[in-house]
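Position one of the sequence shown corresponds to residue 10 (our numbering), numbered consecutively onward.
Built from N, CA and C at the ideal position, the CB exists for glycine as well.
Being a predicted model, the structure only gives us computed values, none of them experimental.
Structure first, commentary second.
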Amino acid sequence: MSDAKELKIYEIGKGFYLVRSDEKDFHRNIYFKRFSNDKGKAINMIMDPGTKKDLPNLILATKKLFGGIQNTHLIFLSHQDPDLTSVVPALLATAPKAKIFASIDTWRLLKMYGGIPEDRFMAIEDFKGDILNIKATGHKIRFVNATYCHFRGAMMFYDLETKILFTGDFFAGVDTRKDGEGVYATEESWDGISLFHEIYMPSTRALQETINRITLLEPFPDIIAPQHGDVIKGGLLLDFISRLYNLEVGIELLEKDTPEKDLTILAINEFLDKMKSVDPSFHKKLIEKLKVAKDFTPPFVFSGDVITDLKLSTTEAIKAIWNMADFLYSGENIEEIRTYFLSALDQYNVDHPFIVEESEKEEFVERTGELKDDLEDLIG
Ligand SMILES: [Fe+2]
Ligand SMILES: [Fe+2]
Numbered sequence: 010m011s012d013a014k015e016l017k018i019y020e021i022g023k024g025f026y027l028v029r030s031d032e033k034d035f036h037r038n039i040y041f042k043r044f045s046n047d048k049g050k051a052i053n054m055i056m057d058p059g060t061k062k063d064l065p066n067l068i069l070a071t072k073k074l075f076g077g078i079q080n081t082h083l084i085f086l087s088h089q090d091p092d093l094t095s096v097v098p099a100l101l102a103t104a105p106k107a108k109i110f111a112s113i114d115t116w117r118l119l120k121m122y123g124g125i126p127e128d129r130f131m132a133i134e135d136f137k138g139d140i141l142n143i144k145a146t147g148h149k150i151r152f153v154n155a156t157y158c159h160f161r162g163a164m165m166f167y168d169l170e171t172k173i174l175f176t177g178d179f180f181a182g183v184d185t186r187k188d189g190e191g192v193y194a195t196e197e198s199w200d201g202i203s204l205f206h207e208i209y210m211p212s213t214r215a216l217q218e219t220i221n222r223i224t225l226l227e228p229f230p231d232i233i234a235p236q237h238g239d240v241i242k243g244g245l246l247l248d249f250i251s252r253l254y255n256l257e258v259g260i261e262l263l264e265k266d267t268p269e270k271d272l273t274i275l276a277i278n279e280f281l282d283k284m285k286s287v288d289p290s291f292h293k294k295l296i297e298k299l300k301v302a303k304d305f306t307p308p309f310v311f312s313g314d315v316i317t318d319l320k321l322s323t324t325e326a327i328k329a330i331w332n333m334a335d336f337l338y339s340g341e342n343i344e345e346i347r348t349y350f351l352s353a354l355d356q357y358n359v360d361h362p363f364i365v366e367e368s369e370k371e372e373f374v375e376r377t378g379e380l381k382d383d384l385e386d387l388i389g
């Protein structure tokens with residue numbers, strides 16, 4: 010989105026706005042809040058501002074909402090990941106009044122970008138009762154810990170005026186809604202939320218403790234606004250909270266005497282994700298091939314570019330990907346691709362006996378070749 014006319018800004022509560030990045034499978038949500046009173050005072054805030062790619066949208070949106078990016082006062086960061094912080098140095102340069110609000114754990118890593126003066130950072134831990142009083146306008150905001158969801162110092166931000174809880178990566182999802190339009194969650198959003206949490210959240214206990222903190226909020230939130238995926242409100246709010254409370258993720262998922270299938274799916278998605286950043290054109294070709302149905306139903310069930318189910322045995326699925334990668338990859342670095350695949354499988358403790366057989370076969374051929382050479386030397 011580079012044209013002002015194309016930039017969609019959604020108002021999800023009073024003075025609370027959302028701009029989405031363009032990706033169809035896994036996008037970023039950037040939120041803006043304008044705290045204003047009837048005396049004409051206003052304080053402008055951006056939540057999880059995004060990557061350098063988002064800077065044009067930040068400029069357009071703030072121009073429309075705040076009268077210019079230079080009028081930004083507060084920048085809230087839920088944690089330090091680059092998908093929400095890599096634009097921060099550029100943003101601070103264009104918004105000289107803006108201060109960053111984040112946890113100390115986040116700051117420790119954030120400052121490694123370099124060039125962020127310490128006096129532009131405010132530690133959330135320094136606010137009494139985790140409440141920030143905005144004196145200029147009379148508003149109150151509350152910070153809520155999202156410890157280990159997914160980062161130790163992760164924080165959420167609760168806007169008491171709109172009853173919108175900005176949750177960062179908590180309640181975030183990859184895009185699984187079929188219509189792809191609109192910003193509010195439907196039943197179809199759940200697949201993307203559960204998949205995201207299975208991959209990124211370290212433990213069910215961490216989810217439960219963060220949910221406990223949310224349920225203690227007074228007043229209870231009307232809306233949950235995550236950094237990826239859909240905005241959750243209405244009947245789905247309590248429904249998704251209770252489903253997330255019981256979702257097995259991270260360490261529990263690994264330890265579980267699990268259907269091998271779930272772990273295989275996670276491992277394959279991990280590999281695909283890696284390929285997307287390492288070699289996007291190979292990733293695209295591979296996804297296209299895997300989506301093709303041979304005789305009847307496609308063996309891999311996709312939601313966007315993410316596999317959600319397998320219609321074949323786990324061994325067959327691994328074999329299919331291995332062979333497909335071999336078949337499609339024309340570069341010299343096939344060994345590197347294989348290593349990525351094997352390490353994704355190992356990460357989720359997925360067995361791959363046939364691959365061992367393959368390598369043993371290679372060794373055998375090599376050994377036989379050497380024997381033959383030795384014999385030829387002896388005879389010759
Ligand atoms: Fe993150
Ligand atoms: Fe994120």
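Cα-Cα, which of I113, R186, H237 and I250 is closest to D231?
I250
Using alpha carbons as the reference points, say which of K298, L295, L246 and E170 lies closest to N46.
E170
Delimiting residues of the beta strand (DSSP E) encompassing R347:
No beta strand (DSSP E) contains R347, which is instead part of the alpha helix (DSSP H) from I343 to Q356.
At a cut-off of 6 Å, would you count D114 as near ligand 1, judging by its Cβ distance to the nearest heavy atom?
Short note on D114: C-beta not closer than 6 Å to any heavy atom of ligand 1.
Between L299, P126, T213 and H237, which lies nearest to D318 when the distance is taken from Cα to Cα?
L299
Which residues DSSP lists as bridging E20, in chain order:
Answer is Y26, bridged to E20.
Range covered by the alpha helix (DSSP H) that runs through G332
Reading off the sequence, residue 332 comes out as Asn, not Gly. Start and end: T323 to L337.
Evaluate K61 with the Cβ neighbour count: other Cβ atoms within 10 Å of its Cβ, from every protein chain shown; 16 or more gives buried, anything less gives exposed.
exposed
Are the CB atoms of M164 and S87 within a distance shorter than 7 Å?
Yes. Within cutoff.
Quick one: using the 10 Å Cβ neighbour count with 16 as the cut-off for buried, is N44 buried or exposed?
Checking the displayed sequence, the identity of residue 44 turns out to be Phe instead of Asn. When all chains shown are included, F44 counts as buried.
State the Cα-Cα distance for the pair S286 and P91, rounded to the nearest angstrom.
Rounded to the nearest whole angstrom, the CA to CA distance from S286 to P91 is 14 Å.
Using alpha carbons as the reference points, say which of T219, D282 and L101 lies closest to D34.
D282
Burial state of R252 (16 or more Cβ within 10 Å)
exposed
Are at least three pairs of beta-carbons, each pair with one atom in the stretch 207-226 and one in the stretch 188-196, less than 8 Å apart?
no
Nearest-angstrom Cα distance between D314 and V183?
10 Å
Quick one, which of I343, E207 and F130 has its alpha-carbon nearest D288's?
I343
Using the rule of at least 16 other Cβ atoms within 10 Å of the residue's Cβ for burial, across every protein chain shown, is D168 buried or exposed?
buried
Between E297, Q236, H206 and L225, which has its C-alpha nearest N255's C-alpha?
H206
Residue range of the unbroken alpha helix (DSSP H) whose run includes S45:
Taken as a continuous stretch (DSSP letters only), S45 belongs to no alpha helix (DSSP H), being part of the beta strand (DSSP E) at N38 to S45.
Determine the contact status of I233 and T176, defining contact as a CB-CB distance below 7 Å.
yes
Continuous beta strand (DSSP E) stretch holding I150: start and end
H148 to N154
I'd like to confirm something about D239: is its beta-carbon nearer than 6 Å to some heavy atom of ligand 1, or not?
No, the beta carbon of D239 sits no closer than 6 Å to any heavy atom of ligand 1.
In three-state DSSP terms, what is S95?
It is coil, neither helix nor strand.
Give every residue of the same chain whose Cβ lies closer than 6 Å to the Cβ of I78, excluding the five residues on either side of it in the sequence, and list them in chain order.
I68, T71, T103 and A104
Using a Cβ-Cβ cutoff of less than 6 Å, which residues in the same chain neighbour G162 once the five nearest sequence positions on both sides are dropped?
S112, D114 and T115
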